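Note sheet for the following structure.
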Ligand code: FE2
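In the numbering used here, the protein residues as written are 291 to 669.
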């Protein structure tokens, strides 16, 4: 009897422990960019995002301009500074265009801040309330790897297009979406021997659990190597793989990222689709460049992953990769870096049961990346 009570208590404690940071989903990803107006056109025209909201001179904001775009549940914010000096300029100067905020949608931004700071998070901004005619929102934030920030966004009392201070961005120019649905995962690159520090951060400070791990032997090629661990929140809606470089014969692509980004940061954002063939066909038509995959990859891929629903021919033509795990398979493809600095890129992913991240594709992927590094003279 008393044992039962004890175990019930323990279960309750464990549930509470897992629950200290309930996250409803990714709220938005904000990039600091050199020219938000042109970046917004790129995401609209090439990627099929829809205009949602705007803040700038016309809305009373003087120091920066932001455009908010959306496709499915994916919300992007693009922000540029309006004059010299200041933190946004410094950030762009140091890192190039890049992700500043990985913002998480929560029910209680004050509690999210309190619970994570209590567990060791470095505060970025204490909870504050912003209001306009459409209601109010509460925002707080903590630091994660590099200069990346997790904002906590509480918007249950807000009904405007995005957040207080933003106007609806009405634009007659519209593009067809390309079938992107939601953010599947966001990957961070961190420096040498820093992976476990950030794995511990997500476990201890944010209550995440590790999904699976693989060591550098699994994902090294002749030249490059990395180590990666995947952290997930309680309900599995947030998945953050963390990469660190590992020693290879030549420079790891993670090290190349760290060199050009001047530190740790977001390496790629994986966007989910229900039909990767249609999505990638459309993206290629609009000029998005993907990594070239050696044709020989397709000679043996089905021996490795088993039967799939799709014909192999269009996958091969588009360069879509296939991997499988105990629960099913997945289809994925990686863009080339979307900037001149070889830093950030996007992944398109369609899951057919598999809950993993394409470990079996890393070798094929890295060999493709190394061919690109050779062209840049950085391998
Ligand atoms: Fe990925």
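By construction, the Cβ of each residue, glycine as well, lies at the ideal position given by its N, Cα and C atoms. Treat the numbers as computed from the prediction; the structure is a model and nothing was measured.
Take residue 321, set aside five residues on each side of it, and the residues of its chain with a beta-carbon closer than 8 Å to its own are 329, 366, 367, 368, 369, 387, 388, 389, 390, in chain order. For residue 324, no pairing in a beta bridge is given by DSSP.
If you draw a 10 Å sphere on the C-beta of residue 482, you find fewer than 16 other C-beta atoms in it, and that means exposed. Note: residue 615 is bridge-paired with 618 in the DSSP secondary-structure output. At a threshold of 8 Å, residue 560 counts as near the ligand FE2, since its beta carbon sits closer than that to one of the ligand's heavy atoms. Look at residue 477: its beta carbon is less than 8 Å from one of the heavy atoms in the ligand FE2. Assigned with DSSP and collapsed to three states, residue 310 falls in coil, not helix or strand. At a cut-off of 8 Å, the beta-carbon of residue 637 counts as near the ligand FE2: some heavy atom of the ligand is closer than that. Assignment of residue 563 by DSSP, reduced to helix, strand and coil, places it in the strand class. Contact check for residue 617 against residue 645 passes: the beta carbons are separated by less than 9 Å. For residue 495 and residue 413, the gap between their C-alpha atoms comes out near 12 Å. The region 416 to 426 makes contact with the region 446 to 464; the number of CB pairs closer than 8 Å reaches 3 or more. Setting aside the 5 residues that flank it on each side, residue 563 is surrounded in the same chain by 469, 470, 471, 569, 638, 640, each with a C-beta closer than 7 Å to its C-beta; the list follows chain order. Look at residue 530: its beta carbon is at least 8 Å from all of the heavy atoms in the ligand FE2.
Along the length of the region 368 to 427, whole alpha helix (DSSP H) runs at least 4 residues long occupy 376 to 385, 399 to 408, reported in chain order. Excluding sequence positions up to five before and after residue 349, its CB lies within less than 6 Å of the CB of 457, all in the same chain and listed in chain order. For residue 571, the closest C-alpha among the options 486, 623, 551 is that of 623.
Beta-bridge analysis with DSSP links residue 635 to 558. Annotation: residue 566 to residue 621 spans about 7 Å, alpha carbon to alpha carbon.
Counting only residues of its own chain and dropping the five nearest sequence neighbours on each side, residue 625 has a CB closer than 7 Å to the CB of 578, 579, 580, 635, 636. Under DSSP, residue 479 forms a beta bridge with 533, 555. Annotation for residue 622 indicates a beta carbon within 8 Å of some heavy atom of the ligand FE2. Looking at 520, 361, 467, 476, the one whose alpha-carbon comes closest to that of residue 490 is 520. If the five residues before and after residue 402 are omitted, its C-beta is found closer than 7 Å to the C-beta atoms of 311, 396, 430, 442, all from its own chain and listed in chain order. When the Cα atoms are used, residue 432 and residue 439 turn out to be separated by approximately 6 Å. Each of 372, 479, 332 was checked against the Cα of residue 351, and the nearest Cα belongs to 372.
Annotated as distal: residue 360 and residue 331, with beta-carbon spacing of 9 Å or more.
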